[in-house]
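S.K.:
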Amino acid sequence: MKQLLLLAALTLSPQPRQIVLTIDDLPRGGDVSTTDKQAIRAMTAKIVNALKGTHAIGFANPGSEKSDALGPAELQHILQMWRAAGLDLGNHTHTHPNINQIPLAEFTADITAAEPALTKALGTKPLYFRHPFLHTGKDPESRAGLAKFLAASHYIAAPVTVDNSDYIYARAYAKHPAKANEIQQAYLLHIEQSVAFFEQRAREVAGSDIPQILLLHANQLNADSLPALLKMLRARGYEFVSLEQALRHPAYQLEDGYTGPGGFSWIHRWAKAKGIPGTGKGEPEPPKEIMELYSKPQ
Ligand SMILES: [Zn+2]
-1 MKQLLLLAAL TLSPQPRQIV LTIDDLPRGG DVSTTDKQAI RAMTAKIVNA LKGTHAIGFA
59 NPGSEKSDAL GPAELQHILQ MWRAAGLDLG NHTHTHPNIN QIPLAEFTAD ITAAEPALTK
119 ALGTKPLYFR HPFLHTGKDP ESRAGLAKFL AASHYIAAPV TVDNSDYIYA RAYAKHPAKA
179 NEIQQAYLLH IEQSVAFFEQ RAREVAGSDI PQILLLHANQ LNADSLPALL KMLRARGYEF
239 VSLEQALRHP AYQLEDGYTG PGGFSWIHRW AKAKGIPGTG KGEPEPPKEI MELYSKPQ
């Protein structure tokens, strides 16, 4: 009986799972081409309101096309909205270049170019760096060179464990307002399936649940969906933690066994280093209907 009660107690109050919410491509990712100040402010307000108290971090591109269109003062206003909500900011390069396509020196200069705007918003140099496209260097030289630059510049690379296709849903959502509800429902299911996929893969590769790091983008779909998305994650037993806290888990000391042009979850990188084969079960992909909406003109 005692054992049964103990079992019941364990079932009722499991150890909370942990997840970090990371939002890339501030001030706005590539869902639509609007550079309207009011639209971007309104979108940002919804995102930061939903994220308040979650220890989330936004990774900005202060020199992106969207940032340029807003101008430095308005970009600073957007970044300050993040800060006022108690959220952290990180460096995602100035213009979001692809490290596979340019010389390393040009890429690292682009990281440095993002610093003035971020330092102004934070009051201190940003601590975290997020690789655009999750590309870490296509050959040993560029990979080691970038890692060396980041270490020398006192950056901590922010890995991603729960990769997903939010940008595909976001573009479909922006293009087809008449289908907003069904796209949003499909999107929430996609994120839940992606989280479930990487929970399973973390257990296979790291041997246990790990604090997960979810990659999302600053777009209207997330602005409209974050409250439901956070509710879904809470229902799965998650609490929201900072990158600093998550990265203390020993899994984040595992070796990254991948050098190449691809960009994907760090769990797959650890699997390569450990020689753990894939299960043949691919990551959740958007269904055909969403891909059609994504490609179809407005
Ligand atoms: Zn990005």
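Numbering (my numbering), first residue to last: -1 to 296. Cβ atoms here follow ideal geometry from the backbone N, Cα and C, with glycine treated the same way.
#1: Report yes if the C-beta distance between PRO95 and LYS64 is below 8 Å; otherwise report no.
#2: Going by C-alpha to C-alpha distance, which of GLN182, ALA115, THR122, GLY28 sits closest to HIS75?
#3: Looking at ligand 1, does it come within less than 7 Å of HIS92, judged from the CB to the closest heavy atom?
#4: Starting from the C-beta of GLN182, find all residues in its chain whose C-beta is less than 6 Å away, skip the five residues before and the five after it, and write them out in chain order.
#5: Where does ILE55 sit, in a helix, a strand or coil, going by DSSP?
#6: Using C-beta distances below 6 Å, list every residue in its chain close to MET130, excluding the 5 sequence neighbours before and after it, in chain order.
#7: So is GLN16 buried or exposed if we call it buried at 16+ other beta carbons inside 10 Å?
#8: So, at 6 Å on beta carbons, what are the nonlocal neighbours of VAL160 in its own chain, with the 5 sequence-adjacent residues on each side left out?
#9: Let me know if MET(-1) comes out buried or exposed under the rule of 16 or more other beta-carbons within 10 Å of its beta-carbon.
#10: Assuming the contact rule is C-beta atoms closer than 8 Å, ALA178 and TYR185 should be a hit. Round their C-beta distance to whole Å, please.
#11: Can you tell me where the beta strand (DSSP E) holding TYR236 begins and where it ends?
#12: Out of TYR167, GLN78, ALA54, ILE97, which one is the CA nearest neighbour of SER293?
#13: Out of TYR165, GLN218, VAL158, LEU73, which has the shortest C-alpha to C-alpha gap to MET41?
#14: Let me know if HIS188 comes out buried or exposed under the rule of 16 or more other beta-carbons within 10 Å of its beta-carbon.
#15: At the level of alpha carbons, what is the spacing between THR52 and ILE109?
#16: Does ALA7 pass the burial test, meaning 16 or more other C-beta atoms within 10 Å, or should it be called exposed?
#17: So the beta strand (DSSP E) LEU212 belongs to, where does it begin and stop?
#18: Using CA coordinates, which residue listed in LEU120, ILE208, SER263 is at the minimum distance from PHE57?
#19: May I have a chain-ordered list of the alpha helix (DSSP H) segments no shorter than 4 residues that lie completely inside the segment 148 to 177?
#20: Please classify THR134: does DSSP put it in a helix, a strand, or coil?
#21: For GLY278, tell me which candidate among ASN89, PRO295, ARG199 has the shortest Cα-Cα distance.
#22: According to DSSP, PHE196 sits in a beta bridge with which residue or residues?
#23: Could you tell me which residues DSSP pairs with ARG15 in its beta bridges?
#24: The alpha helix (DSSP H) with ASP108 in it runs from where to where?
#25: For the candidate residues PRO248, LYS35, PRO138, PRO175, whose alpha-carbon lies nearest to that of ASP207?
#26: Throw me the rounded Cβ distance for the LEU291 and HIS174 pair, which I believe falls under 8 Å.
#27: How would you label ARG141, buried or exposed, when you count the other beta carbons within 10 angstroms and need 16 or more for buried?
#28: Report all residues from its chain with a CB closer than 6 Å to the CB of ALA271; omit the five preceding and five following residues, and keep chain order.
#29: First and last residue of the alpha helix (DSSP H) that includes LEU73?
#30: What did DSSP end up calling GLY260 once you bin it into helix, strand or coil?
M.R.: The structure says:
#1: Cβ atoms of PRO95 and LYS64: not closer than 8 Å.
#2: Comparing Cα-Cα distances from HIS75 to each of GLN182, ALA115, THR122, GLY28, the minimum goes to ALA115.
#3: Flag unset: Cβ of HIS92 not near ligand 1.
#4: SER223
#5: In the structure shown, ILE55 adopts extended strand secondary structure according to DSSP, grouped into three states.
#6: The amino acid at residue 130 is misidentified as Met; the sequence shows Pro. So the list reads THR91, HIS94, once near-sequence residues are dropped.
#7: buried
#8: SER192, VAL193, PHE196, GLN210, LEU212
#9: Bear in mind that a pLDDT of 48 at MET(-1), under 50, signals an unreliable position, so the number given afterwards is only what the model happens to contain. Per the 10 Å Cβ criterion, exposed.
#10: Actually they do not touch by this definition, with Cβ atoms about 10 Å apart.
#11: Residue range 236 to 238 is occupied by the beta strand (DSSP E) that includes TYR236.
#12: TYR167
#13: Nearest to MET41 by alpha-carbon distance, out of TYR165, GLN218, VAL158, LEU73, is GLN218.
#14: Residue environment analysis places HIS188 among the buried positions, since at least 16 neighbouring C-beta atoms fall within 10 angstroms of its C-beta.
#15: C-alpha of THR52 to C-alpha of ILE109: approximately 26 Å in a straight line.
#16: Bear in mind that a pLDDT of 49 at ALA7, under 50, signals an unreliable position, so the model cannot answer this.
#17: 210 to 215
#18: LEU120
#19: 164 to 173
#20: coil
#21: ARG199
#22: DSSP, once it has assigned bridges, lists no residue as partnering PHE196.
#23: TYR236
#24: 102 to 111
#25: PRO248
#26: 5 Å
#27: With 16 or more other Cβ atoms within 10 Å, it is buried.
#28: GLU253, GLY255
#29: 70 to 82
#30: For GLY260, the secondary structure class from DSSP, reduced to helix, strand or coil, is coil.
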